[in-house]
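To start, the structure itself, in structure tokens.
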Amino acid sequence: MNDKLQRGYVKDANIYEDRASFQSKELLDNRFILEQLYSLLSIVRKKEDTFVFTYCGGKADDELDVQLKAMENKTAEEIFPLHIAARLNEYLAAGFEGKRVEFESLYLDRYFFTIIHPVIKEGEITEVIVTSQDITKRKHGEREESEKTKLYFSVFHEASDGMSFFNNEGVHFDVNKALCEIFGRTKEKVQQKLISFFTYNKDWIKELNRKGEVKGEYVIEHSNGSARIIEYVAKANLLPGKHLAIHRDITNRKTLEDRLMQAEKLKVVGEMAAGVAHELRNPMTSLKGFLQLMRYEKETNPHYIDITLSELQRMEEIITDFMTLAKPAISEKEANNLVEILREAIDVLQPEASLRNVTVQSHLGEDCWIECTRNQMKQVFINLIKNGMDAMEDGGCITLTAKKEKGDIVIQVEDEGCGMNEETLQRIGEPFYTTKAKGTGLGLMVTYKIVNDHNGKIEVDSEEGKGTVFRLLFPLG
């Protein structure tokens, strides 16, 4: 017998007592339609104690069609191996008792889902109709999905990172050994803890399904009593309806980062203290010298007083910049139009620009509103425009632009000055780093801090001998 037939089988059936059936006339009228719907269509009649396939057809390919034609007017024992025929006869008998039977089978290396319907004529069951649908592709897909699932879970349990699978209700139905070690607890305890540490809700799940990935942190108490900081990445639908979370203990990394940050703060404080001392020493030396001269002169020299006052003012500016950098004045933010503030800054600097042979051109366009501290923002614009003037010793043009671009408000300050080299660009904004003869280096650092406090950022493009462009970007709204 054909090897393919020998490999066949018939699974246990679902048998229903609802007596769902075809009427004889319905069968005759719909046989053509049924043949187009089903891969196999057979009519079986009972002759004494045997079941005979009186008709076999369906939407079959060549190999199956040949087999179907060979089945007509034969019994199950004449068509199938005995183990299949015995089970099939059992189901056909149930059909002739008026029951509907459903089962899966393997036939000619193909999987079928089969239903046996009784056919009633004048109240009597005269025959049964057997309809089979080819489900081979679906079964192969299920097998591939099953193999994929086995592979996922194999990797899952052997991974060195902590992992957990959870569903759309936020229930972690499986956790791996590595995650249990991170918590220092049993699998069941970890599953319970995760429910409280992860604030899963419908909105969180919706966000995960929409984005495909969500990251975050949470803190646990290890079984030894220590607090541990856990970083997680959740990935949606790694398997259908099943999401994966990868957990890492980052406590040591966080501790190291905190220490490095503290060391960096101390370094900056040391640099700033040294810078302030250095900057104050020069005017203090001048003050000391002129006071000594004034001590021995009979009449006060007005020129000495002017120089003394000038040096005192310089010391005041250094201290003011330092204090602004260390702790800016507390000011409430409110809605302001940056275009309007920029015009005010231009008006303030216009007399100085004229004296220094500098032309200020503006292309300000539409209004640009953000939440900001007005005076601080004006100081930013004044600092950048003054820097542009200082860079053009022989005069030139400063171009100011305000526009909206890709969800940001962009303020651009462009000069035609000496420009900066790569080293200067890398150090721009550092405390007390300046290329000016009389600069403190704090002005740009204050500018950067104010912009950062307003959720903005600064981009700088410069080329030696061609000038510099500062771009301030603030989020709209």
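Under full-length UniProt numbering, the first residue of the sequence shown is numbered 1, with each subsequent residue one higher. Even glycine gets a Cβ: it sits at the ideal position worked out from N, Cα and C. As the structure is a computational prediction, the values presented were derived from the model and not from experiment.
> In this structure, what does DSSP give as the bridge partners for Ser132?
Replying inline: Beta-bridge pairing links Ser132 to Leu40, Thr114.
>> Tell me the DSSP secondary structure of Lys356 in three-state form.
In response: Before going on, a small fix: residue 356 reads as Arg here, not Lys. If DSSP states are grouped into helix, strand and coil, Arg356 belongs with coil.
> What are the boundary residues of the alpha helix (DSSP H) that Arg87 is part of?
Replying inline: From DSSP, the alpha helix (DSSP H) with Arg87 extends over 82-96.
> If we ignore side chains and look at the alpha-carbon of each, how far apart do Ile250 and Ala227 end up?
Replying inline: Taking the straight line joining both Cα atoms gives about 11 Å.
>> As a quick exercise: from Leu92, Tyr107, Ile135, Glu124, pick the residue whose alpha carbon is nearest that of Ile116.
In response: The shortest C-alpha separation from Ile116 is found at Leu92.
>> According to DSSP, is Gln236 part of a helix, a strand, or is it coil?
In response: Note on identity: in this sequence residue 236 is Ala, with Gln being the wrong assignment. Strand at Ala236.
> Between the Cα of Ile220 and the Cα atoms of Val233, Ala236, Ile195, Lys242, which residue gives the shortest distance?
Replying inline: Nearest option by C-alpha distance: Ile195.
>> Considering only the alpha carbon of each residue, which of Glu459, Lys177, Val380, Met445 lies closest to Glu158?
In response: Ranking the options by Cα distance to Glu158, first place goes to Lys177.
>> Run through the DSSP bridge pairs and tell me what Asp408 is partnered with.
In response: Answer by DSSP bridge pairing, in chain order: Glu405, Pro475.
>> Within the continuous beta strand (DSSP E) that includes Asn337, where are the two ends?
In response: Residues 334-337.
>> Rounded to whole angstroms, what is the Cα-Cα separation between Ile398 and Lys404?
In response: Ile398 and Lys404 have their C-alpha atoms some 20 Å from each other.
> Can you name, in chain order, every residue of its own chain whose Cβ lies under 8 Å from the Cβ of Gln361, other than the five neighbours on each side?
Replying inline: For Gln361, where only same-chain residues beyond five positions count, the Cβ hits under 8 Å are Cys397, Ile398, Thr399, Leu400.
> Between the C-alpha atoms of Phe166 and Phe156, what's the straight-line distance to the nearest angstrom?
Replying inline: Those two C-alpha atoms are separated by around 13 Å.
> Hey, Gly419 and Glu459: beta-carbon distance below 7 Å or not?
Replying inline: Against a cut-off of 7 Å, the Cβ pair of Glu459 and Gly419 comes out as no contact.
> Which class does Cys180 belong to by DSSP, given the choice of helix, strand or coil?
Replying inline: Looking at Cys180 - three-state DSSP - the assignment turns out to be helix.
> Thinking C-alpha only, which one of Thr359, Asn357, Arg374, Ala353 is nearest Val339?
Replying inline: Cα-wise, what sits closest to Val339 is Arg374.
>> Across the region 181-193 and the region 202-216, are there enough close Cβ pairs to call them in contact, namely three or more that are closer than 8 Å?
In response: Contact between the region 181-193 and the region 202-216 is absent, with fewer than three C-beta pairs closer than 8 Å.
> Apart from the five residues on each side of it in sequence, which residues of its chain come closer than 8 Å, Cβ to Cβ, to Ile135?
Replying inline: Within its own chain, the residues whose Cβ lies closer than 8 Å to the Cβ of Ile135, once the five positions on either side in sequence are excluded, are Glu104, Tyr111, Phe112, Phe113, listed in chain order.
> Roughly how many whole angstroms lie between the Cα atoms of Glu352 and Val358?
Replying inline: The alpha-carbon atoms of Glu352 and Val358 are separated by roughly 8 Å.
> Between Thr131, Tyr304, Met284, which lies nearest to Leu293 when the distance is taken from Cα to Cα?
Replying inline: Among Thr131, Tyr304, Met284, the Cα nearest to that of Leu293 is on Tyr304.
>> Output needed for Lys46: all residues of its chain with C-beta closer than 7 Å, excluding positions within five of it in sequence on either side, in chain order.
In response: If the five residues before and after Lys46 are omitted, its C-beta is found closer than 7 Å to the C-beta atoms of Phe96, all from its own chain and listed in chain order.
>> Spatial neighbours of Gly241 within its chain, please: C-beta separation below 8 Å, excluding the five flanking residues on both sides.
In response: Once the five neighbours on either side are set aside, the close Cβ partners of Gly241 are Asn167, Asn168.
> By Cβ distance below 7 Å, which residues in the same chain neighbour Ile382 in space, the five residues on each side in sequence not counted?
Replying inline: These residues qualify, in order along the chain: Ala345, Val348, Leu349.
> By a C-beta neighbour count over all protein chains shown, 10 Å radius and 16 as the cutoff for buried, is Lys466 buried or exposed?
Replying inline: Answer is exposed; the Cβ neighbour count stays below 16.
> Looking at the structure shown, is Glu122 part of a helix, part of a strand, or coil, going by DSSP?
Replying inline: Reduced to three states, the DSSP call for Glu122 is coil.
>> Using C-beta distances below 6 Å, list every residue in its chain close to Ile79, excluding the 5 sequence neighbours before and after it, in chain order.
In response: So the qualifying residues of the chain are Met71.
> What runs of the beta strand (DSSP E), each 3 residues or longer, lie entirely inside the region 285-322?
Replying inline: The region 285-322 contains no whole beta strand (DSSP E) run of 3 or more residues.
> So, Cys372 versus Asn336, is the Cβ gap smaller than 7 Å?
Replying inline: By the CB criterion at 7 Å, Cys372 and Asn336 fall inside the cutoff.
> What residues in its chain sit with their C-beta under 6 Å from that of Lys457, if we drop five residues either side in the sequence?
Replying inline: Within the same chain, and ignoring the five residues on either side of Lys457 in sequence, the residues whose Cβ sits closer than 6 Å to its Cβ are Leu473.
>> For Val469, which residues in the same chain have their Cβ closer than 6 Å to its Cβ, ignoring the five residues on either side in sequence?
In response: Correct list, in chain order: Glu414, Asp461.
> Taking DSSP as the reference, what is the three-state secondary structure of Ser462?
Replying inline: DSSP places Ser462 within a strand segment (E or B) once states are collapsed to three.
> With distances taken from CA atoms, which of Glu181, Asp161, Ile246 is nearest Asn224?
Replying inline: Relative to the Cα of Asn224, the nearest Cα in the group Glu181, Asp161, Ile246 belongs to Glu181.
> How about Ile411 and Met377: do their beta carbons lie closer than 7 Å?
Replying inline: No, the pair does not count as a contact, with Cβ atoms beyond the cut-off.
> Between Ser132 and Phe53, what straight-line distance do the alpha-carbon atoms span, to the nearest angstrom?
Replying inline: C-alpha separation (whole angstroms): 14 Å.
> How about Leu179 and His222: do their beta carbons lie closer than 7 Å?
Replying inline: Cβ distance not < 7 Å, so Leu179 and His222 don't count as in contact.
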